[in-house]
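Residue numbers (this note's numbering), protein chains in the order written: chain A, 1 to 140; chain B, 141 to 555. Working notes, structure below.
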Amino acid sequence: MISQKYSSRDFMGISLAEADDLLPGTIIRGSCFYQEGRPDSHIFPEDMTGVTFERCNLDNCYIPPGNTLAEQAGIPCTNKQVLVQNDLRDWILDDKGEPVEVISAKAWKANGIDIHCNDILKPLQSIEQLYQIAEALNGV
Amino acid sequence: MAFNAATQWEFQTTGDNTNGGGFFNATPGTSVDLALANTPVTFTDLVIDATTNTKITSALRPFTMADAGNIINITSGTGFTVQRVQIVSVDGSNVATCDKAVGTVASIDGNGKMGGALAVPTDALFDLVVRDNTVHIKYGTYTLTDTIYPTSSGIFANPIRCIGYKTTRLDMPVGNDRPTIACGAYSFYGNNGWVLDSLIFAGTAEDMFAPQGYLIVRNIKATNSSSTANRYAIKLAAASCKLFCCEGISTNGYGIGGTAEQIGIIQCYCHDSAWGLYHTGSYSNIVNCISESNTTGALYLGAAASSYVIGNTLFGSDGKTGTGILMSSGGYASIMLGNIITGFTTGINRSSGSVSALLLLIDQSNFYNNTTDVSNVVKGSNCIALDPAFADAANGDFTPGDNMKLDIDWTKMGL
Chain A
1 MISQKYSSRD
11 FMGISLAEAD
21 DLLPGTIIRG
31 SCFYQEGRPD
41 SHIFPEDMTG
51 VTFERCNLDN
61 CYIPPGNTLA
71 EQAGIPCTNK
81 QVLVQNDLRD
91 WILDDKGEPV
101 EVISAKAWKA
111 NGIDIHCNDI
121 LKPLQSIEQL
131 YQIAEALNGV
Chain B
141 MAFNAATQWE
151 FQTTGDNTNG
161 GGFFNATPGT
171 SVDLALANTP
181 VTFTDLVIDA
191 TTNTKITSAL
201 RPFTMADAGN
211 IINITSGTGF
221 TVQRVQIVSV
231 DGSNVATCDK
241 AVGTVASIDG
251 NGKMGGALAV
261 PTDALFDLVV
271 RDNTVHIKYG
281 TYTLTDTIYP
291 TSSGIFANPI
301 RCIGYKTTRL
311 DMPVGNDRPT
321 IACGAYSFYG
331 NNGWVLDSLI
341 FAGTAEDMFA
351 PQGYLIVRNI
361 KATNSSSTAN
371 RYAIKLAAAS
381 CKLFCCEGIS
391 TNGYGIGGTA
401 EQIGIIQCYC
411 HDSAWGLYHT
421 GSYSNIVNCI
431 SESNTTGALY
441 LGAAASSYVI
451 GNTLFGSDGK
461 TGTGILMSSG
471 GYASIMLGNI
481 ITGFTTGINR
491 SSGSVSALLL
501 LIDQSNFYNN
511 TTDVSNVVKG
521 SNCIALDPAF
531 ADAANGDFTP
541 GDNMKLDIDW
551 TKMGL
């Protein structure tokens, strides 16, 4: 049964971990649950089962076992892991948490810009690491 | 043949992206818009004529003249081309003639859906739209699962329109009665020659709502809640875009702005951002806008030149916050008149360059409750310093008080 309460809504940044009405057989259609900056967010009850998400944005959401992501109206759900990188752009991550493709890559490519993950600056060294490097170079 | 220029496309939250989704009034008084009614007709027995591949029939659900103008989404069938076709006419023998070849002559058992609304915007659907088409989006929340970057474009004389509505098409909703596009991490780009009207956008993307050039954008509210700095709620990246009556909020970034030249930001409202307005493109007009309660400043112009900043209300805070207008070495040949600049550490600041080397006119404005009114620019002799006495600044009502209103004796003006 399609949930009127949870369908066609914007839950971006909101946790539903305490919801007690996400019951087996519930269908949630066309809602956004994206969690910025927090890949693999546990925003649903850990014991939730039997819920079907149809054409939802579940980026950065952990889906407990026993629930289904389904296509509807010709549109699948999205369940990518996304995180801002040192170039201040949002990147899609692989299973190891490494950036593989910039979000909205097609817009960049349409403007003739091919952004590669190797172009992302490496993380800044901490002060302690810099001292260690300097000491090693100076034979200390 | 492309879809008819007068085609109206329909999005509803209860729609389906496998529906036909569009209609033009082929026979006024007879044709029925099945997309608006969201009453799709499913075919499983379409037959292509034995000699003319644009003609189709169905025995289970014969075509009628009321079907003329509706779009069929052909989904499968041996000899059928998977595509959307538009019924141009239906004759007295229930034969529908379509705008393009449906497939191979004499093919049978084709599947398709005629009419019915669409569910959510995608590139593939927006790429079907042609010049002079209108896309109607009914009230509700539409969740993007990818960035929208359509290839279809209009021109100024023949735009593509994308318009939100509450109950009846073209009812011009305001406030929260507008449809919402829930963007998540994705962006909504228009393309050149699109008109975008009466919609709400919410998300976190770098350029969350980015209309392109030669475009008119009206009655749009965009909120970017990203924790990453310097992201736009509404970004103008292509020339000649005009914004009317839009609202932009970007918690850690820019409400409205961009880099494009020859843009207009008119009667817009930016607030609770780092910079309310952040636009560095030259030859631009920023007119009758309100930019208030931003943490860093109201209007950043960078090195923009040859621009008009007219009749705006720029408010920092009662305790003086940030900068009203910040320019770098630019501002050459720009005019700033009739602005209320109040509640800033610095009203107008030009951070570098010679103060006398510009054709920069700053005059007939009200500077009030700023620690410093101007820095490295010349304030004109017709500026005043009166409390604007806003009606209720804390709640976004910047109606100026009586002391800011013109006192005109109309009897002396022959009226």
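Cβ atoms here follow ideal geometry from the backbone N, Cα and C, with glycine treated the same way.
Exercise for the section: State the start and end residues of the unbroken beta strand (DSSP E) segment that holds residue 438 (chain B). Expected result: It spans 437-442 - the beta strand (DSSP E) in which residue 438 (chain B) sits, taken as one unbroken run.
Problem - Amino acids of chain A, ordered along the chain, whose beta-carbon sits closer than 9 Å to that of residue 387 (chain B) - result: Simply none; closest approach about 17 Å.
Problem - Classification of residue 394 (chain B) by the beta-carbon crowding that lies within 10 angstroms, buried from 16 upward - result: Looking at its Cβ environment, which holds 16 or more other Cβ atoms inside 10 Å, residue 394 (chain B) is buried.
Handout entry: Span separating the alpha-carbon of residue 341 (chain B) from that of residue 60 (chain A)
Key = Take the alpha-carbon of residue 341 (chain B) and the one of residue 60 (chain A): they are about 20 Å apart.
Handout entry: Beta-carbon proximity check, residue 506 (chain B) vs residue 489 (chain B), cutoff 9 Å
Key = In this structure, residue 489 (chain B) does not lie closer than 9 Å to residue 506 (chain B) by Cβ.
Exercise for the section: Out of B:445, B:481 and B:459, state which residue places its alpha-carbon closest to the alpha-carbon of residue 429 (chain B). Expected result: That would be B:481, whose Cα lies nearest to the Cα of residue 429 (chain B).
Exercise for the section: With DSSP as the reference, label residue 223 (chain B) as helix, strand or coil. Expected result: The DSSP-derived three-state label of residue 223 (chain B) is strand.
Practice task
Let me know the secondary structure DSSP gives residue 203 (chain B) once reduced to three states.
Solution key: Residue 203 (chain B) falls in the coil class under three-state DSSP.
Handout entry: CB contact flag (residue 325 (chain B), residue 344 (chain B), <9 Å)
Key = Going by beta carbons, residue 325 (chain B) and residue 344 (chain B) fall inside the 9 Å limit.
Handout entry: Minimum Cβ-Cβ distance from residue 282 (chain B) to chain A less than 9 Å
Key = When Cβ-Cβ separations below 9 Å define contact, residue 282 (chain B) makes contact with chain A.
Handout entry: Test: residue 1 (chain A) CB closer than 9 Å to a CB of chain B
Key = With 9 Å as the cut-off, residue 1 (chain A) does not count as an interface residue toward chain B.
Exercise for the section: Might you give, ordered along the chain, the residues of its own chain that have their beta carbon closer than 6 Å to the beta carbon of residue 100 (chain B), omitting 5 neighbours on each side? Expected result: Lying outside 141 to 555, the shown extent of chain B, residue 100 (chain B) is not represented and no answer is given.
Practice task
Note down, in chain order, each residue of its chain lying with its Cβ closer than 7 Å to the Cβ of residue 19 (chain A), except the 5 sequence neighbours on either side.
Solution key: Spatial neighbours of residue 19 (chain A) in its own chain (CB-CB distance under 7 Å, excluding positions within 5 residues in sequence) are listed in chain order as 45.
Practice task
Indicate whether at least one CB of chain A lies closer than 9 Å to the CB of residue 555 (chain B).
Solution key: Because residue 555 (chain B) carries a pLDDT of 49, less than 50, the predicted location of this residue cannot be relied on, and no value is offered for it.
Problem - Where residue 416 (chain B) sits in the DSSP three-state scheme - result: Assignment of residue 416 (chain B) by DSSP, reduced to helix, strand and coil, places it in the strand class.
Exercise for the section: Keeping to the same chain, check which residues put their C-beta closer than 6 Å to that of residue 356 (chain B); ignore five residues upstream and five downstream. Expected result: Correct list, in chain order: 335 and 382.
Exercise for the section: Quick one: residues in its chain with C-beta nearer than 6 Å to the C-beta of residue 293 (chain B), no 5 flanking neighbours on either side, listed in chain order? Expected result: Counting only Cβ-Cβ distances below 6 Å, and skipping sequence neighbours, we find 331, 332 and 333.
Exercise for the section: In angstroms with no decimal places, state the Cα-to-Cα distance between residue 508 (chain B) and residue 431 (chain B). Expected result: In a straight line, the C-alpha of residue 508 (chain B) is about 15 Å away from that of residue 431 (chain B).
Problem - Residue range of the beta strand (DSSP E) that includes residue 83 (chain A) - result: For residue 83 (chain A), the enclosing beta strand (DSSP E) starts and ends at 82-84.
Handout entry: residue 48 (chain A) (DSSP reduced to helix, strand or coil)
Key = In this structure, residue 48 (chain A) counts as coil in the three-state DSSP scheme.
Handout entry: residue 104 (chain A) versus residue 90 (chain A) - alpha carbon distance
Key = Within the model, the alpha-carbon separation for residue 104 (chain A) versus residue 90 (chain A) is close to 9 Å.
Handout entry: Own chain residues within Cβ distance below 8 Å of residue 473 (chain B), not counting five before or after
Key = Within the same chain, residue 473 (chain B) has close Cβ partners 445, 446, 498, 499 and 500.
Practice task
Helix, strand or coil for residue 289 (chain B), going by three-state DSSP, please let me know.
Solution key: Here residue 289 (chain B) sits in coil by DSSP.
Exercise for the section: Would you kindly work out how many angstroms separate the C-alpha atoms of residue 210 (chain B) and residue 174 (chain B), rounded to a whole number? Expected result: Taking the straight line from one Cα to the other gives about 7 Å.
Exercise for the section: Could you pull the start and end residues of the beta strand (DSSP E) that residue 183 (chain B) belongs to? Expected result: For residue 183 (chain B), the enclosing beta strand (DSSP E) stretches over residues 181-188.
Handout entry: Under the three-state DSSP convention, the category residue 538 (chain B) falls into
Key = Coil, per DSSP.
Exercise for the section: Check whether the stretch 261-272 of chain B touches the stretch 294-305 of chain B, taking contact to mean three or more Cβ pairs, one atom from each stretch, closer than 8 Å. Expected result: Yes, since at least three Cβ pairs between the stretch 261-272 of chain B and the stretch 294-305 of chain B fall closer than 8 Å, the two stretches touch.
Practice task
With 7 Å as the limit, tell me which residues of the stretch 39-73 of chain A have their beta carbon closer than that to any beta carbon of chain B; keep them in chain order.
Solution key: For chain B, the residues of the stretch 39-73 of chain A that bring a beta carbon within less than 7 Å of one of its beta carbons are 55, 56, 57, 59 and 73, in chain order.
Handout entry: Of the residues B:475, B:442, B:483 and B:390, the one placed nearest residue 466 (chain B), counting alpha carbons only
Key = Looking at the Cα atoms, B:442 is the closest of the given residues.
Practice task
State the DSSP-derived secondary structure class of residue 253 (chain B), mapped to helix, strand or coil.
Solution key: Assigned with DSSP and collapsed to three states, residue 253 (chain B) falls in strand.
Exercise for the section: Please confirm if residue 32 (chain A) has its CB atom under 9 Å from at least one CB of chain B. Expected result: Yes, contact with chain B.
Problem - DSSP state of residue 386 (chain B) mapped onto helix, strand, coil - result: If DSSP states are grouped into helix, strand and coil, residue 386 (chain B) belongs with coil.
Problem - Contact the stretch 151-159 of chain B vs the stretch 252-270 of chain B: 3+ CB pairs below 8 Å - result: With the cut-off at 8 Å, the stretch 151-159 of chain B and the stretch 252-270 of chain B touch.
Practice task
Using a Cβ-Cβ cut-off of 9 Å, state whether residue 155 (chain B) counts as contacting chain A.
Solution key: Answer yes: the Cβ-Cβ gap between residue 155 (chain B) and chain A drops below 9 Å somewhere.
Practice task
Report the residue from B:235, B:246, B:412 and B:422 whose alpha carbon sits nearest the alpha carbon of residue 438 (chain B).
Solution key: With distances taken between CA atoms, residue 438 (chain B) lies nearest to B:412 out of B:235, B:246, B:412 and B:422.
Problem - residue 131 (chain A) burial status per 10 Å Cβ neighbour count (16 or more: buried) - result: Using a 10 angstroms sphere on the CB of residue 131 (chain A), the tally of other CB atoms stays under 16, which defines it as exposed.
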